[in-house]
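Student: Below is the structure I would like to discuss, written out as structure tokens.
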Amino acid sequence: MAAAPHRFLDMFPPGLDVTSIQSKSPYSFDSEQLYNTFTRGYDPEKHIESTLVKSVRYCKHTKGVQHEFILVEIEDIKVPLINYIVLDRTISQDYSGITIQRPFRRKRTNSSIQSYCGPAVDAFRVSYNGNKEQLLKACQLQPCRDLEEIEFTRVNPVYLYQLVTLVHVVSGRTPNYDLSGKNCYWFAGLVWGCLLSLRPDSRYDSHLSENNRGRLAVIYCAPEEKEVTETCNAFEEQIQKVDKALSESRKVRLSV
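Residue numbers (this note's numbering): 19 to 274.
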């Protein structure tokens with residue numbers, strides 16, 4: 019029997035081999051950790067040339083504060099395999115002892131508002147077995163609604179390491195979570211806006227949105243157009259550096 023094709027297990031875990039339904043906690047990586055994994059030297063075992071972002075969905079949890087996040091579908095076209103990732107922003111529990119899943123209070127003092135400010139955790143939570151429903155359940159994001167969807171083309175693809183670099187740029191520019199501004203709605207909206215701007219030839223479906231993105235009752239939080247433009251520019255500058263470094267590292271590795 020031929021050996022199974024090698025794949026990058028961080029993104030395509032062993033659970034994908036199991037035919038029966040198996041539940042296990044997702045692999046979780048913060049943006050800096052995953053960025054370093056992909057960009058600190060070329061390694062063919064990481065499959066950066068073959069792991070694509072097939073599609074992304076803008077999702078809204080329908081309970082509590084209606085947390086917003088991006089559900090990412092990735093594909094390693096070399097293996098081939100498909101898996102799912104939840105990408106979102108929360109506040110560090112080590113800093114505040116609370117999470118944004120906690121319901122809003124009707125009345126808040128200045129001190130209670132300050133308690134919702136602290137280091138942001140921009141995380142990629144990778145499904146262990148490729149079951150997106152189990153992933154959402156493990157992340158406590160059920161029930162939820164898909165508001166918008168982007169499908170990327172093979173002609174002008176988005177590679178996973180490029181998405182990771184984009185999120186790394188966003189995290190670096192705004193490292194703190196702020197309930198009144200740089201929160202989950204703002205973060206998901208900024209990443210989403212950048213993906214639309216960077217890949218205008220992708221297939222975009224917004225018919226489910228109903229103008230609900232970034233909204234919670236009378237509260238509306240979304241990035242400004244200027245923020246999207248500035249972040250895209252910063253990403254383009256950073257990805258050029260990443261590609262150059264990876265190319266040079268690849269040449270060195272192949273010459274050994």
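Beta carbons: idealized from backbone N, C-alpha and C, even for Gly.
Comparing C-alpha positions only, which one of A235, R191, N174, C239 sits nearest to L70?
Tutor: Among A235, R191, N174, C239, the Cα nearest to that of L70 is on N174.
Student: Alpha carbon to alpha carbon, how far is P98 from R231?
Tutor: Pairing P98 with R231, the inter-Cα distance amounts to about 33 Å.
Student: What is the DSSP secondary structure of C250, reduced to helix, strand or coil?
Tutor: helix
Student: Grouping DSSP H, G and I as helix and E and B as strand, with all else coil, what is L197?
Tutor: coil
Student: Can L153 and Y102 be called in contact, C-beta distance under 8 Å?
Tutor: yes
Student: Exposed or buried, what is G82 when buried is set at 16 or more other beta-carbons lying within 10 Å of its beta-carbon?
Tutor: exposed
Student: Output the distance between the C-alpha atoms of K200 and K72, rounded to the nearest integer angstrom.
Tutor: Separation of K200 and K72 (C-alpha to C-alpha, rounded to the nearest whole angstrom) is 27 Å.
Student: Using only the alpha-carbon positions, how far apart do C135 and N194 sit?
Tutor: 7 Å
Student: With a threshold of 16 other CB atoms inside 10 Å of the CB of L272, please say whether the residue is buried or exposed.
Tutor: Around the beta carbon of L272, a 10 Å sphere encloses fewer than 16 other beta carbons of the protein chains shown; the residue is thus reported as exposed.
Student: By Cβ distance, which residues of its chain are closer than 6 Å to F47, with the 5 residues on each side in sequence left out?
Tutor: F142
Student: Quick one: give me the first and last residue of the alpha helix (DSSP H) that F30 is part of.
Tutor: Note, F30: premise wrong, no alpha helix (DSSP H); not H, not E.
Student: Helix, strand or coil for S129, going by three-state DSSP, please let me know.
Tutor: The predicted position of S129 is uncertain, since its pLDDT is 41 and thus under 50; no value can be drawn from it.
Student: So, K42 versus H65, is the Cβ gap smaller than 8 Å?
Tutor: no
Student: For K244 and G59, what's the separation of their Cα atoms in angstroms?
Tutor: 33 Å
Student: Excluding the 5 residues preceding and the 5 following P44 in the sequence, name in chain order all residues of the same chain whose CB lies nearer than 8 Å to its CB.
Tutor: In its chain, beyond the 5 residues on either side, V104, R143, V144, S145, Y146, L153, A156, C157 have a beta carbon closer than 8 Å to the beta carbon of P44.
Student: Using three-state DSSP, classify C202 as helix, strand or coil.
Tutor: helix
Student: Helix, strand or coil for A156 per DSSP?
Tutor: helix
Student: Do you know how far the Cα of N54 is from the Cα of Q111?
Tutor: 23 Å
Student: To the nearest angstrom, how far is it from the Cα of Y238 to the Cα of G207?
Tutor: The straight-line gap from Cα to Cα measures roughly 11 Å.
Student: Is K72 helix, strand or coil by DSSP?
Tutor: strand
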